[in-house]
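Notes to accompany the following structure.
Numbering (the working numbering), first residue to last: 1 to 572.
Here it is in structure tokens:
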């Protein structure tokens, strides 16, 4: 099945990188051989067929998808060549023309009714186009030719999303001539599970297992169904039995270990993983999970033993270095941790360097951290933005805001269109002393990303703090809220602006929403002030009481006490 659904490495978009000369000479060898076309046509028509195929490829290169699909569909329908049919299907599927794909696959099966790959394609495309009866009939034909076919991949990723479609497909499968075939039973069980019919699905997968007891996907489906039924005892018994009977099956044994991790029984999970490693000492996934589980259990020597083995793994090398560093950090072996973090690359690069910076800070070696990050900008220029921001943050912690701003100015000169760098500078600029520069910087930020709710909110809040251009500020806040509704910080900004505009009704409404979402004390204070200015004194008192209960020692609340009128004044 993996081979069946493997797509060509080339596409119309890929072709565009080549000159028309290379395209002319190479396209036929890359996609459809001239010999394949010659074999299916009489000599008189060969030239036309070759021309039609070349036109299709040129059309793809210049985004004329309709012409390309038309030519390839005609070629595929008239062709006896599997290569041409395959190419035509690839083009139709790549450009999501499911009707053309269905026509091609249908004709392919009509010409070669016992071609299993063609039948697989037809059933898969029939499911995608919601032709469920055709899909069920085609699955029957596949199973008539090969009763042991694994049909799981046909449904993968395209299982019907709504209940009505699932019901139609289920009825078609239940009515099929091969309804008792284990593969069909497994498909039915999967669809039933989607509808929450776990007991019914369990019965069907048990029937499938009686006929194909060694099937990994069936065994794991039963385990998942038992988990869905929250029957831990039955799940554990099933995994124990399946693992015992399939000692060489790593998928089953690793699934058992993951199950124990899922139910927070790490000790049992580690024991299961150690058994797997004993039988399969080079099983990298087992070693990796065992390393992480050992860290969770604070068995640091074991963790190191498992993870060190993976340092040269093509799949787990970065992760191994990262968790070896975590392991060393947990043991407070900080220099070892830093040495491992230095080796981490790829998707874990940024988080590893953040952890390194935290170690430098803990060791009170922030100058060493700055020097390290400067060298990192040389070694990893692709991460320059992050590294500049990290250095600026360190300088800010060292109370050297001037140096931090100078560094960010340098960074922005080198990376002028990097919004994160510009935003980092915005956060450092003072809204009063740096007013002009801040205004210019915020405008630059919005020129790069005009629809960013974060940047719109930053500009709106800055103007609100400066108590100027409030109409413009409100427009920015309202636009930010359109892109990120129910975000407390944006609601707070809009409420603050409305308060400054004496629009207390809007301020109360919006700040009330913000406080309900965030429970932030400062937002709560603004909300209380808005209620007071609106004249809703009872609600003001209630909110103040809540704030005092939730934030007992918050000094900001003292300013609200002064708003409470003395009892004698209220009576008068």
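All C-beta atoms in this analysis are idealised placements derived from N, C-alpha and C, irrespective of residue type, glycine included. It should be emphasised that the depicted structure is a prediction, and the values quoted were computed from it without experimental measurement.
Cα-Cα separation between residue i and residue j, rounded to whole angstroms
i: residue 217; j: residue 414; result: 53 Å
i: residue 123; j: residue 113; result: 13 Å
i: residue 535; j: residue 507; result: 13 Å
i: residue 516; j: residue 232; result: 38 Å
i: residue 440; j: residue 432; result: 14 Å
i: residue 247; j: residue 215; result: 13 Å
i: residue 237; j: residue 220; result: 13 Å
i: residue 450; j: residue 383; result: 24 Å
i: residue 317; j: residue 359; result: 22 Å
i: residue 391; j: residue 261; result: 38 Å
i: residue 225; j: residue 93; result: 33 Å
i: residue 344; j: residue 85; result: 46 Å
i: residue 251; j: residue 278; result: 16 Å
i: residue 492; j: residue 426; result: 19 Å
i: residue 464; j: residue 365; result: 38 Å
i: residue 200; j: residue 297; result: 38 Å
i: residue 404; j: residue 373; result: 14 Å
i: residue 377; j: residue 270; result: 40 Å
i: residue 331; j: residue 354; result: 18 Å
i: residue 230; j: residue 285; result: 27 Å
i: residue 171; j: residue 180; result: 14 Å
i: residue 448; j: residue 397; result: 29 Å
i: residue 562; j: residue 545; result: 14 Å
Selected residue, minimal CA-CA separation from residue i, among the options
i: residue 578; options: 282, 431, 295, 300; result: Outside the shown range of the chain (1 to 572) lies residue 578, about which nothing can therefore be said.
i: residue 146; options: 344, 116, 442; result: 116
i: residue 138; options: 128, 166, 401, 109; result: 109
i: residue 98; options: 126, 81, 372, 82; result: 126
i: residue 369; options: 394, 378, 352, 346; result: 394
i: residue 529; options: 560, 518, 555, 502; result: 560
i: residue 551; options: 397, 523, 539; result: 523
i: residue 128; options: 249, 143, 102, 111; result: 102
i: residue 118; options: 89, 397, 66, 73; result: 89
i: residue 388; options: 249, 421, 176; result: 421
i: residue 96; options: 65, 71, 313, 223; result: 65
i: residue 186; options: 205, 543, 497, 470; result: 205
i: residue 574; options: 268, 380, 326; result: No information on residue 574 is available, as it lies outside the stretch 1 to 572 that the chain covers here.
i: residue 173; options: 477, 487, 192; result: 192
Residue burial classification, residue i (beta-carbon count within 10 angstroms, cutoff 16)
i: residue 311; result: exposed
i: residue 91; result: buried
i: residue 485; result: exposed
i: residue 301; result: exposed
i: residue 25; result: Confidence is the limiting factor: at residue 25 the pLDDT is only 31, short of 50, which leaves the residue's position unreliable, though a coordinate-based value still follows. That one is exposed.
i: residue 62; result: exposed
i: residue 407; result: buried
i: residue 266; result: buried
i: residue 399; result: exposed
i: residue 335; result: exposed
i: residue 538; result: exposed
i: residue 482; result: exposed
i: residue 222; result: buried
i: residue 254; result: buried
i: residue 264; result: exposed
i: residue 453; result: buried
i: residue 525; result: buried
i: residue 299; result: buried
i: residue 350; result: exposed
i: residue 457; result: buried
i: residue 80; result: exposed
Spatial neighbours of residue i in its chain, beta-carbon cut-off 6 Å, leaving aside the 5 residues before and after
i: residue 77; result: 107
i: residue 306; result: 287, 290, 291
i: residue 182; result: 208, 211, 212
i: residue 329; result: 337
i: residue 320; result: 307, 310, 311
i: residue 509; result: none
Residues near residue i in its chain [Cβ-Cβ closer than 8 Å; skip 5 each side]
i: residue 567; result: Low per-residue confidence applies at residue 567: pLDDT is 41, beneath 50, and the placement is therefore not dependable, though the value from the model is reported in the following sentence. Excluding sequence neighbours, residue 567 sits near nothing in its chain.
i: residue 274; result: 290
i: residue 234; result: 226
i: residue 412; result: 418, 421, 422, 425
Residues near residue i by beta carbon distance below 7 Å, same chain, minus five either side
i: residue 256; result: 239, 243, 272
i: residue 130; result: 165
i: residue 531; result: 508, 539, 540, 543
| Every unbroken alpha helix (DSSP H) within the segment 157-213, with a cutoff of 4 residues, ordered by chain | 163-174, 182-194, 198-211
| Can you list, in chain order, the stretches of the alpha helix (DSSP H) that have 4 or more residues and sit fully within the segment 477-543? | 488-500, 504-518, 521-534
| In the segment 284-372, which residue ranges form an unbroken alpha helix (DSSP H) of at least 4 residues, counting only runs that do not cross its ends? | 284-296, 300-308, 317-330, 334-342, 349-362
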